[in-house]
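Novice: In the numbering used here, the protein residues as written are -2 to 364.
(1) Identify the continuous beta strand (DSSP E) that holds residue 93 and give its terminal residues.
(2) When DSSP labels each residue in this structure, what does residue 68 get in the three-state scheme?
(3) One question on the structure: do residue 302 and residue 135 come within less than 8 Å of each other, judged by their Cβ atoms?
(4) I need the DSSP call for residue 247, collapsed to helix, strand or coil.
(5) Between the C-alpha atoms of residue 276 and residue 119, what's the straight-line distance to the nearest angstrom?
(6) Taking the continuous beta strand (DSSP E) assigned at residue 46, which residues delimit it?
(7) Alpha helix (DSSP H) containing residue 57: first to last residue?
(8) Whole angstroms are fine: how far does the CA of residue 64 sit from the CA of residue 237?
(9) Measuring from the CB of residue 220, is there a heavy atom of the ligand MN at a distance below 7 Å?
(10) Report, in whole angstroms, the separation of the C-beta atoms of residue 94 and residue 141, which I expect to be a contact under 8 Å.
(11) Between the C-alpha atoms of residue 62 and residue 246, what's the straight-line distance to the nearest angstrom?
(12) Residue range of the alpha helix (DSSP H) that residue 295 falls in?
(13) Determine, using beta-carbon pairs with one atom in the stretch 304 to 312 and one in the stretch 271 to 291, whether at least three such pairs fall under 8 Å.
(14) Measure the C-alpha to C-alpha separation of residue 333 and residue 297 and round it to an integer number of angstroms.
(15) When we look at the beta-carbon of residue 36 and count the other beta-carbons within 10 Å, is it buried (16 or more) or exposed?
(16) With distances taken Cα to Cα, identify the nearest neighbour of residue 219 among 255, 300 and 190.
(17) Could you give the first and the last residue of the continuous alpha helix (DSSP H) run that contains residue 316?
(18) Mapping DSSP to helix, strand and coil, what is residue 135?
(19) Name the DSSP bridge partner or partners of residue 223?
(20) Can you grab the Cα-Cα spacing for the pair residue 102 / residue 92, in whole Å?
(21) Please classify residue 278: is it buried, with 16 or more other beta-carbons within 10 angstroms of its beta-carbon, or exposed?
(22) Helix, strand or coil for residue 267 per DSSP?
(23) Is residue 104 helix, strand or coil when you go by DSSP?
(24) Are residue 84 and residue 40 close, meaning C-beta to C-beta below 8 Å?
(25) Assuming residue 86 is part of the beta strand (DSSP E), what are its boundary residues?
(26) Near residue 225, what residues of its chain come up, given a Cβ to Cβ distance below 8 Å and the 5 sequence neighbours on each side ignored?
(27) Alpha carbon to alpha carbon, what distance is there between residue 349 and residue 163?
(28) Can you tell me the Cβ-Cβ gap for residue 132 and residue 97, rounded? I've got them flagged as a contact below 8 Å.
(29) Quick one, which of 215, 347, 180 and 344 has its alpha-carbon nearest residue 289's?
(30) Between the beta-carbon of residue 342 and the beta-carbon of residue 318, is there less than 8 Å?
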């Protein structure tokens, strides 16, 4: 209890942490809302369509919302594509066929400098994410896909009679927001234990927390449990804020989402504990926690949806908890219970804490 109060008081005094969390959440929500309302964007778009299928044609029609579209000839030289165009999109061969087979073909974008071009690229990628939801709902049947696609409205797909009964646009935005929250959460919690251990070691606090000196393993274990208890409050805060922004998509899945956040919290604290005991000084701890956080975010779907990540990045991402959190969120919105993601996160937490205990046997904090 003494250590819990010690952790809670110091966390509340970390004003930078709370400012970072709230600013990041508000900022991400604002950016996603801005991406979702791109009807005022304008750019000249050149499209080289090497496919000619139904999904390619629908992508071209979507692009026409953002400015004049010019069909480029396949005989044109590559270096002439950008002449007079703000953004050039190349749709590869077999694009529609690959989508209908459940694959994720990649588009080729080229753009001149300018924020509108970047936002339009994001909007077109979001459009394809919605198309993929329709393909899933139609069982990858072209006729069924066309039937569902005909019900499109200006604000996205609202197919109330199909297996997915929420707006696909809103769901995609909610998943993107939760992915960004996974980055915020790891950024915050991965530094807690290393910084606390470094501060306590410098000030010899951990030897005075109890009536008698405590062992390094008991100290780190108690610290992790205290952070987990305080971290639950942090998780509840994130869930409450998310529910305010995206009520329907959050509240309906709140029990499963809570399990994912709690399992993810445990894995973040486990990584933090390992960094705390392995780093010999504060500088190394900072370098390691920043490196792990950014690697997990880039390869785990925090910045880019997992469906669009290259397979090479996914291989790395599967070794880190952010990937499994966002994979669990994707499974949840696909109507599946994320058992695998939860199991991997729990197993990852156990393995990391076991490694931390073994490390402390060889190198106690007091030496």
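Ideal Cβ positions, reconstructed from N, Cα and C, are used throughout, including at glycine.
For clarity, every value in this text was computed on a predicted model and none was experimentally measured.
Specialist: A quick look at the data gives this:
(1) Residue 93 -> not in any beta strand (DSSP E); alpha helix (DSSP H) instead, spanning 92 to 97.
(2) strand
(3) no
(4) helix
(5) 39 Å
(6) 42 to 46
(7) 51 to 60
(8) 38 Å
(9) In the structure shown, the ligand MN is absent, as is every other ligand, since no ligand is present at all.
(10) Actually they do not touch by this definition, with Cβ atoms about 16 Å apart.
(11) 27 Å
(12) 279 to 296
(13) no
(14) 19 Å
(15) Legend: pLDDT at residue 36 = 44, less than 50; position of this residue unreliable, no value from coordinates given.
(16) 190
(17) No alpha helix (DSSP H) contains residue 316, which DSSP labels as neither H nor E.
(18) coil
(19) In DSSP, residue 223 forms no bridge with anything.
(20) 6 Å
(21) exposed
(22) helix
(23) coil
(24) yes
(25) 84 to 88
(26) 262, 263 and 266
(27) Below a pLDDT of 50, predicted positions are generally treated as unreliable, and residue 163, at 39, falls in that range; no measurement from the model is reported.
(28) 7 Å
(29) 180
(30) yes
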